[in-house]
Amino acid sequence: MDGFGPEEWQAVLLSLKVSIWAVALSLPLAVFIAYALARWQFRGHQLLNGLVHLPLILPPVVTGYLLLLTFGRRGAIGSWLEETFGLVLAFRWTGAVLAAAIMAFPLTVRAIRLAIEAVDPKLEEAAGTLGASRLWVFATITLPLILPGLIAGVVLGFAKAMGEFGATITFVSNIPGQTQTLPSAIYTFLQVPGGETAALRLVILSVAIAMSALVVSEILARRAARRISGG
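If you number the sequence shown the way this note's numbering does, the last residue is 302 and the count never jumps.
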């Protein structure tokens, strides 16, 4: 794209990097939590459901501040991670991954949970009576059936991670080339005289990326649905 400067490309590439890592690292946990909420009844079920969806209700700045208190260098978990593994999250791109993953997590879980709830439990029970383990039943029966919902959850999570701003800028700030993601770059350009053109270019690119992700997810979901139905 003509006209894009190094700072703009840095923000775009960093956003893609952060979003991909955020979805990839949170997806296994999202699948497990979605399955637990859809299939299991246990004490604290509603509490877990509330905690999963809390980032959707809290102001993003509050979420970012809580991350800073917990995962900052002086936070209980943050200091332990730095001392034990040398991993620093606050004001680093790795922290942006954490913030994006937490903000995208509820949407991913919800899409996968709805897909699991749509699967007839009797199919899983029938496989279980034949001696298959729960893990094998999930891998061979449940997972193929929920594949369209899984794809939808991944895309929703990716799109949310790409657009995350409040929690990210609070937790990792807005450092060009290090933590400045696409939304942060747009915000920065809007604050300086003459930056409207660069901001508009990034806005158009953001829309293009989001629409492309949705189109690809729709194609993949339809192919998966046809394969499941045998069409």
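Cβ coordinates follow ideal geometry from the N, Cα and C atoms, glycine included.
Hey, quick one: how far does the alpha helix (DSSP H) through residue i stretch, first residue to last?
i	result
proline 254	253-261
glutamine 249	Unbroken run through glutamine 249: none, as it is neither H nor E.
proline 77	77-110
Do residue i and residue j have their CB atoms nearer than 8 angstroms?
i	j	result
valine 89	threonine 252	yes
threonine 179	leucine 214	no
isoleucine 187	tyrosine 106	yes
isoleucine 212	alanine 223	no
threonine 141	alanine 147	yes
glutamate 79	proline 247	no
alanine 292	alanine 230	no
glycine 220	leucine 185	yes
glycine 135	alanine 238	yes
valine 168	leucine 96	yes
valine 190	leucine 218	no
phenylalanine 75	arginine 205	no
Assuming residue i and residue j make a contact with CB atoms under 8 angstroms, what is their CB distance in whole Å?
i	j	result
valine 243	alanine 175	Not confirmed; about 16 angstroms, so no contact.
leucine 129	threonine 241	Not really, about 12 angstroms apart at Cβ, beyond 8 angstroms.
valine 225	leucine 98	7 angstroms
leucine 119	leucine 108	7 angstroms
phenylalanine 162	threonine 250	6 angstroms
proline 177	histidine 124	5 angstroms
valine 102	isoleucine 183	6 angstroms
leucine 85	tryptophan 151	26 angstroms between Cβ atoms; not a contact.
For the stretch 118-194, which segments carrying the alpha helix (DSSP H) assignment without a break, of at least 4 residues, lie completely within its bounds, in sequence order? The DSSP assignment places complete alpha helix (DSSP H) segments of no fewer than 4 residues inside the stretch 118-194 at 131-142, 147-156 and 164-188, in order along the chain.
Is the stretch 275-284 touching the stretch 229-246, taking contact as three or more C-beta pairs under 8 angstroms? The stretch 275-284 is in contact with the stretch 229-246.
Please list the segments of the alpha helix (DSSP H) lying wholly inside the stretch 192-241, counting only runs of 4 or more residues, in order along the chain. Here the runs fully enclosed are 192-200, 205-208 and 218-234.
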